[in-house]
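Participant: Numbering (the working numbering), first residue to last: 1133 to 1391. Just dropping this structure here.
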């Protein structure tokens, strides 16, 4: 059989193709990034030993931002899933070009039987809710101020007024209720303090929880405290009778987290 001779340009193209194929093989062996929801679920199954995850909610958000001369786009996927034994997990993946990673700003949240989380103005409560036709959620915020002495590590916590916010749930399948807590006339905290009488839950989670360092002259600001806010959920049947009540919690950072 006559051997095909390649010229110099054809050899270069051949070598480039071989390098690309080998690169893809190595890329796959190192753990091919999960570009799809199914790929994300499979990675979560391996990492957290949760078999046969089924997606309950998958929300994809596009974020554009500028880095000098270039405009980049990130794609955030918020993913809520469950196992057959009613273990629930929430996490978020961020994709930038070919790079995909679990976002470090939102640690995975896992709950057995039920799970409560929040993002972008909506509270999500997951659980085996097949028989529930409606639900309400009551979230209680309490003004909390912490004074920290850096030299000794001493902390003094002062509690203040409380306010309970009540929300009507929207059923989104047999395993999920969504409660919209961001008010229609919501005023973002980034534009200054919101008067107490105008605060919705998102505002309260941000500006009612403050930490101050009292012994550093150069420190004039504050930090926003992590705190677990109680969430009381009531489930109702088709006839309006109470089926069950749940006592859960949600972190302040979840409530004022923005994509």
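Note that beta-carbon positions come from the ideal geometry of N, C-alpha and C, so glycine has one too.
What residues are listed by DSSP as bridge partners for residue 1256?
Facilitator: Within the chain shown, the letter at position 124 stands for residue 1256. Paired residues: 1249, 1310.
Participant: For residue 1294 and residue 1272, I'd like the C-alpha separation in whole angstroms.
Facilitator: Walking along the chain shown from the start, residue 1294 turns up at place 162. Walking along the chain shown from the start, residue 1272 turns up at place 140. Distance between the alpha carbons of residue 1294 and residue 1272 is about 7 angstroms.
Participant: Return the first residue and the last residue of the beta strand (DSSP E) that residue 1304 is part of.
Facilitator: In the chain shown, counting from the first residue as 1, residue 1304 sits at position 172. Taken as a continuous stretch (DSSP letters only), residue 1304 belongs to no beta strand (DSSP E), as it is neither H nor E.
Participant: Who are residue 1288's beta bridge partners in DSSP?
Facilitator: Here residue 1288 refers to the residue found at position 156 when the chain shown is read from its first residue. BP columns for residue 1288 point to 1279.
Participant: Residue 1221 and residue 1282 - do their beta-carbons sit closer together than 8 angstroms?
Facilitator: On the chain shown, residue 1282 is found 150 positions in, with the first residue counted as 1. On the chain shown, residue 1221 is found 89 positions in, with the first residue counted as 1. Here residue 1282 is not near residue 1221, since their CB atoms are 8 angstroms or more apart.
Participant: Given residue 1277, which residues of its chain have a CB within under 6 angstroms of its CB, disregarding the five upstream and five downstream residues?
Facilitator: On the chain shown, position 145 is the one that residue 1277 refers to. Excluding residues within five positions, the ones whose Cβ falls inside 6 angstroms are 1290, 1342.
Participant: Please return the same chain residues whose Cβ sits closer than 8 angstroms to the Cβ of residue 1319, not counting the five positions on each side in sequence.
Facilitator: Sequence index remark: in the chain shown, residue 1319 carries index 187 (1-based). Within the same chain, residue 1319 has close Cβ partners 1326, 1330, 1335.
Participant: Excluding the 5 residues flanking residue 1245 on each side, which residues of the same chain have their C-beta closer than 7 angstroms to its C-beta?
Facilitator: If you number the chain shown from 1, residue 1245 lands on position 113. Excluding sequence neighbours, residue 1245 sits near 1218, 1259.
Participant: Residue range of the alpha helix (DSSP H) that residue 1341 falls in?
Facilitator: Taking the first residue of the chain shown as position 1, residue 1341 is located at position 209. Element bounds for residue 1341: not the alpha helix (DSSP H) but the beta strand (DSSP E), 1341-1345.
Participant: With DSSP run on the structure shown, which of helix, strand or coil describes residue 1387?
Facilitator: Here the question's residue 1387 lines up with position 255 in the chain shown. Residue 1387 falls in the helix class under three-state DSSP.
Participant: Compare the Cα-Cα distances from residue 1208 to each of 1252, 1178, 1184, 1216 and report the closest residue.
Facilitator: Residue 1208 sits at position 76 when you count from the first residue of the chain shown. The shortest C-alpha separation from residue 1208 is found at 1252.
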